[in-house]
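From first to last, the protein sequence lines are chains X and R.
When you read off a place in the first sequence, starting at 1, and then add 201, the result is the number in my numbering.
When you read off a place in the second sequence, starting at 1, and then add 26, the result is the number in my numbering.
We treat Cβ as the ideally placed atom computed from N, Cα and C, and that holds for glycine.
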Amino acid sequence: MAAALLAGSAVRAQNAGLTFDDLAAQAAAARDQGNLPRALELYGKAEELRPEWAEGWWNIGLLQYSANQYGRAIEALNHFLEIQPRTAPAMAVRGLCEFETGAYDDSLRDLDQAVAHGAANDAQHGPILRYHLGILLTRAGRYIDAMAQYKVLASKHVEMAELPLAIGMAGMRVKSQPGDVMEQDRQLYEAAGKAAYALLADDSKGADTAFRELFARYPETRSLHYFYGMLLFPHDRGMAVEQFQREVTLDPANELATALLAFTLMYVGRYSEAAPVAERAVAASPGMELAQLALGRSLIETGQEQRGMELLNQVLEHNPKSLEAHVGLAAAYARAGRKEDAYRERMVCLGLVG
Amino acid sequence: MAWVCGTALASVVLAFGGASAQEKAAAPEPVACGTCHLGVVNAYAQAPMRHAMEPGNGDPALQAHPSLSAQQNGYTYTVQTKDGKSTYTVTGAGGSLTLPLRWILGQHSQTWVLEKDGRFYESMVSYFAKDQSLATTPGDDAIVPHTLTEAMGRELSIWEVRNCFTCHATGFNPEEEPAPEKLTGGLNCERCHAGADKHMADAQQDNFKSIPKSLKKMNAGETSDFCGQCHRTWDKVVREGWHGPATVRFQPYRLANSRCFDSADKRIGCIACHDPHQQVNRSEAYYDTKCLACHAGGAAAVKKSAAASKPAAAAAPVGKACPVAKEKCVHCHMPKVDLAGGHAVFTDHQIRVVRAGEAYPN
């Protein structure tokens, strides 16, 4: 203790009379030499002299983060972001620190913003940011957004030991964090995550084989077919239909899977099959846009144009830019012989996607 | 004996033509599509859709050009045809890989499906009839191969395999592992006329009740959706967000963007101008009559339309007559688009008044 006090007074003596520029230069030198305590002290003193010095706060934040002093890093980065509010790297580091301190909502907000502003675009930091963001999005129930982050990683063939579990959890809609998963579930989620990773990394055949093995191993497990269906949907709706059908068979009360099945059947033009499923989906979740769209278009194509159009117009009241609602209305007008209205709706659609 | 359609008909007819009266009486002649629909079956034997996919051997274009080669991305591609058998070789990066052409997709320009280690690949180069040479397969220009296999071709995803064989072949079962050896190349009758096989089986028993749905009765919208299963529907293109000149290949989509498109009017449907059982009609005069079916214009046309014997025709709206010409309509209203990298010229089916120098709409 006495030695520390003596050392402290020696340093104070050393700092006496130093200008801000001296302190900043010495802090940078200490940082470059890997003398973390000295660098932190000097940056701190420089900030006492000039608290609006953003670079100092940034360096303190980074150094504290490196030293696993997440709370202190957050404090420093708070100062930095007050001075330079929209700096993506600072939001990213603060987000990672918040993650470590368990401030998950704050972490999600920061990492979401940071990635949106390009912080994940470099090959070195991108994977760690996207991985953490994916976990937080999953925890928040934003599974599709989480999968979008993992998709970026898989498409670049980024390999991280923790990634399959995280992907599996997002795909199977497990609103939790990897550390909280029970051991008996971990194997399933990891296997599902590996299968999904294969598909996201453009190995569709490998993914298909892996998913089919999983279906054989876990024939009664819910959300597996849903997961594969969601992965297939952007590529082949016919194949997605098959998976959603199996999910609904396993879990008839699954409102989302029912709505997705209805929507996908509608999407592939199997309107008469879609209509009763969509009716069930709308009855279960009257406000679900997916279900309304499925039912609206299916009714239009099966002779109940009036009710179908009402449903699509309901969607447009809440979401005027719903492409699918406009596509459906174009079809409705065409069927009704309203050629000009059909043309107008088609042009609206082209405007939306153009 | 399996039911047969199309090109196989002639051999079937010949085979049974020589049977004695006694033999005929003993064994009833198998019914084929051509038994009753001989004209359309014979015509369809030469139609493009019938040849949408062919086995990799014995192709006339490749036989006429037995040694084709191209260089690309540091690799050399050669397609050799000898004794009716064609092989595809890629050489580079210190190695060489030769595979048989598994299937030929396309009748004029050709892309090949290759098979390696149980996986399917789209050949990195294709044969273009217009240039009579090999060049990069459309859509693959941006690929920079890192291995010999990648240089050979782009691995097809399971859904691409499904889509390729669904539209270019008959008999593909999406429920099963793709087995090209079980496929019939090109589209046979059953592919569009679902129920044709049952109809033939029933006809064998003098039962003519199970007639496949008539496609002639479909209106323009229904026809677009039907043909659009492979040629891409308007819904499909819009939902995928595809735009730009490449969409010229998706005729149902382009047609539906036309101001004059009316789903209920058969005169603007695909089969109003194109008979899928025939070779493509290249006569401009032929297409002029199709345009004039709506755009003859003037009071005389209205009178003629109103006086038509069929009620549907009587109610059919009459489009404005063209103030410029009554022939070669497509020159001004359906321009040709030379697609970059496509090595082919496509007719834009978005019917409109084309202004000189205007950008490709959408």
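message: Between which two residues does the beta strand (DSSP E) holding R/M79 run?
response: As a working mapping, residue 79 of chain R is identified with position 53 in the second sequence. Counting along the chain, the beta strand (DSSP E) containing R/M79 begins and ends at M79 to P81.
query: If we cut at 9 Å on Cβ distances, does R/A338 have a partner in chain X?
result: Position 312 of the second sequence, counted from the start, is the residue given in the question as residue 338 of chain R. Summary for R/A338: the model assigns pLDDT 46, below 50, so the residue's position carries little reliability; its value from the coordinates is reported in the next sentence. Output row for R/A338: interface = no.
query: What's the gap between the Cα of X/A226 and the Cα of X/R331?
result: To locate residue 226 of chain X, count along the first sequence from 1; it is residue 25. To locate residue 331 of chain X, count along the first sequence from 1; it is residue 130. If you take the alpha carbons of X/A226 and X/R331, they lie about 34 Å apart.
- prompt: Do R/P164 and R/G367 have their C-beta atoms within less than 9 Å of each other?
  reply: Indexing the second sequence from 1 puts residue 164 of chain R at position 138. Indexing the second sequence from 1 puts residue 367 of chain R at position 341. The answer is yes: Cβ separation under 9 Å.
query: Rounded to the nearest angstrom, how far is the Cβ of X/A367 from that of X/G394, given a contact under 8 Å?
result: Within the first sequence, residue 367 of chain X is the residue found at index 166, counting from 1. Within the first sequence, residue 394 of chain X is the residue found at index 193, counting from 1. The Cβ separation is near 7 Å, so the contact holds.
query: Closer than 9 Å, CB to CB, is R/D228 near chain X or not?
result: In the second sequence, the residue the question calls residue 228 of chain R occupies position 202. Judged by the 9 Å Cβ criterion, R/D228 is not in contact with chain X.
query: Can you find a CB in chain R that lies within less than 9 Å of the CB of X/E525?
result: Taking the first residue of the first sequence as position 1, residue 525 of chain X is located at position 324. Output row for X/E525: interface = yes.
- request: Could you tell me if X/S308 is buried or exposed, where buried requires 16 or more neighbouring beta carbons within 10 angstroms of its beta carbon?
  value: Start at 1 with the first residue of the first sequence, and residue 308 of chain X comes out as number 107. Of the residues assessed, X/S308 falls on the buried side of the cut-off, its CB having 16 or more other CB atoms within 10 angstroms.
X/A408 vs X/A417 beta-carbon contact at 9 Å: To locate residue 408 of chain X, count along the first sequence from 1; it is residue 207. To locate residue 417 of chain X, count along the first sequence from 1; it is residue 216. In this structure, X/A417 does not lie closer than 9 Å to X/A408 by Cβ.
task: Measuring alpha carbon to alpha carbon, tell me which of R/P343, R/Y279, R/H357 and R/Y313 ends up nearest R/N388.
output: Counted from its first residue, the second sequence places residue 388 of chain R at position 362. For R/N388, the nearest C-alpha among the options comes from R/Y279.
message: Quick check on this structure: which residue in R/P271, R/C296 and R/N83 has the alpha carbon closest to the alpha carbon of R/L281?
response: Stepping through the second sequence from its first residue, residue 281 of chain R is reached at position 255. Nearest option by C-alpha distance: R/C296.
query: In or out: R/A47 buried (at least 16 other Cβ within 10 Å) or exposed?
result: Position 21 of the second sequence, counted from the first residue, corresponds to residue 47 of chain R. Note that R/A47 scores 47 on pLDDT, short of 50, meaning its location in the model is unreliable; the coordinates nonetheless yield the value given after this. Counting Cβ neighbours within 10 Å, R/A47 comes out exposed, since fewer than 16 surround it.
query: Of the choices R/E201, R/Q304 and R/T104, whose alpha-carbon is the least far from that of R/M178?
result: Indexing the second sequence from 1 puts residue 178 of chain R at position 152. When each option's Cα is compared against that of R/M178, the closest is R/T104.
- prompt: With 16 as the cutoff for other CB atoms within 10 Å, does R/Y312 come out buried or exposed?
  reply: Sequence index remark: in the second sequence, residue 312 of chain R carries index 286 (1-based). Answer is exposed; the Cβ neighbour count stays below 16.
Environment of X/N520 [buried if 16+ CB atoms lie within 10 Å]: To locate residue 520 of chain X, count along the first sequence from 1; it is residue 319. It counts as exposed.
Through-space distance from X/L337 to X/V294, alpha-carbon basis: Start at 1 with the first residue of the first sequence, and residue 294 of chain X comes out as number 93. Start at 1 with the first residue of the first sequence, and residue 337 of chain X comes out as number 136. Roughly 15 Å separates the two Cα atoms.
field: Among R/G120, R/G82, R/Q136 and R/G197, nearest to R/G110 - alpha-carbon criterion
entry: The residue given as residue 110 of chain R occupies position 84 in the second sequence. Nearest option by C-alpha distance: R/G82.
- prompt: CB-CB under 6 Å to R/R378, same chain, minus the five flanking residues each way: which ones, in chain order?
  reply: Here residue 378 of chain R corresponds to residue number 352 of the second sequence, with the count starting at 1. Excluding sequence neighbours, R/R378 sits near nothing in its chain.
task: Report yes if the C-beta distance between R/L241 and R/C256 is below 9 Å; otherwise report no.
output: Translated into the one-based positions of the second sequence, residue 241 of chain R becomes position 215. Translated into the one-based positions of the second sequence, residue 256 of chain R becomes position 230. Taking the C-beta atoms as reference points, R/C256 is found no nearer than 9 Å to R/L241.
message: For R/A195 and R/L140, what's the separation of their Cα atoms in angstroms?
response: Within the second sequence, the letter at position 169 stands for residue 195 of chain R. Within the second sequence, the letter at position 114 stands for residue 140 of chain R. If I take the Cα positions, the gap works out to 15 Å.
field: Per-residue contacts from R/P171 into chain X (C-beta, under 8 Å)
entry: On the second sequence, position 145 is the one that residue 171 of chain R refers to. Chain X residues near R/P171: none, gap ~14 Å exceeds 8 Å.
field: Distance CB(X/L494)-CB(X/E525) smaller than 9 Å
entry: The residue labelled residue 494 of chain X in the question sits at position 293 within the first sequence. The residue labelled residue 525 of chain X in the question sits at position 324 within the first sequence. A contact, by the Cβ cut-off of 9 Å.
task: Enumerate, from N- to C-terminal direction, the unbroken beta strand (DSSP E) stretches of 3 or more residues contained entirely within the region 140 to 212 of chain R.
output: Whole beta strand (DSSP E) segments, 3+ residues: 145 to 149, 151 to 154, 159 to 162 and 179 to 181.
field: Per-residue contacts from R/N283 into chain X (C-beta, under 9 Å)
entry: Along the second sequence, one-based indexing puts residue 283 of chain R at 257. Correct list: Y544, R547, M548 and L551.
message: Rounded to the nearest angstrom, what separates R/V350 and R/V380 at their Cα positions?
response: Residue 350 of chain R sits at position 324 when you count from the first residue of the second sequence. Residue 380 of chain R sits at position 354 when you count from the first residue of the second sequence. Taking the straight line joining both Cα atoms gives about 13 Å.
field: Neighbourhood of R/A326 by C-beta, 7 Å cutoff - its chain only, sequence neighbours within 5 removed
entry: Looking up residue 326 of chain R in the second sequence gives position 300. At R/A326, the pLDDT of 47 sits below 50, so the modelled position is not reliable; the number obtained from the coordinates is stated separately. The answer is none, since no qualifying residue turns up.
- prompt: So, is the C-beta of R/S152 closer than 9 Å to a C-beta in chain X?
  reply: What you label residue 152 of chain R is simply residue 126 of the second sequence in a count that begins at 1. It does not: the Cβ of R/S152 has no partner Cβ on chain X nearer than 9 Å.
- request: In the DSSP assignment, find the beta strand (DSSP E) that holds R/T115 and state where it starts and stops.
  value: As a first step, residue 115 of chain R is located in the second sequence; it is residue number 89 there, counting from the start. From DSSP, the beta strand (DSSP E) with R/T115 extends over K111 to G118.
- request: Just the C-alpha distance for R/F276 and R/A298, rounded to the nearest angstrom, thanks.
  value: Against the second sequence, residue 276 of chain R aligns to sequence position 250. Against the second sequence, residue 298 of chain R aligns to sequence position 272. The C-alpha of R/F276 lies about 17 Å from the C-alpha of R/A298.
task: Kindly indicate which three-state DSSP category X/S486 falls into: helix, strand or coil?
output: Within the first sequence, residue 486 of chain X is the residue found at index 285, counting from 1. Residue state, collapsed to three classes: coil.
field: Other residues of its chain near R/L131: CB distance less than 6 Å, five sequence neighbours each side excluded
entry: Counting from 1 along the second sequence, the entry for residue 131 of chain R is found at position 105. Hits under 6 Å: M79, T137 and H194.
query: Quick one, which of R/A161, R/G144 and R/F146 has its alpha-carbon nearest R/S152's?
result: Taking the first residue of the second sequence as position 1, residue 152 of chain R is located at position 126. Cα-wise, what sits closest to R/S152 is R/A161.
message: 9 Å is my cut-off, CB to CB: does X/H436 come that close to chain R?
response: For this step, residue 436 of chain X is matched to residue 235 along the first sequence. For X/H436, the answer is yes, since a Cβ of chain R falls inside 9 Å of its Cβ.
- prompt: Residues bridged to R/K108 by DSSP?
  reply: Counting from 1 along the second sequence, the entry for residue 108 of chain R is found at position 82. The partner list for R/K108 (beta bridge, DSSP) reads R/K111.
message: Just to confirm the assignment, what range does the beta strand (DSSP E) spanning R/D232 have?
response: Position 206 of the second sequence, counted from the start, is the residue given in the question as residue 232 of chain R. Where R/D232 is concerned, there is no enclosing beta strand (DSSP E), given that its DSSP letter is neither H nor E.
task: Less than 8 Å between the CB atoms is what I'm expecting for R/H303 and R/V66, so what's the real figure, rounded?
output: Counting from 1 along the second sequence, the entry for residue 303 of chain R is found at position 277. Counting from 1 along the second sequence, the entry for residue 66 of chain R is found at position 40. R/H303 to R/V66, Cβ: 5 Å. Contact.
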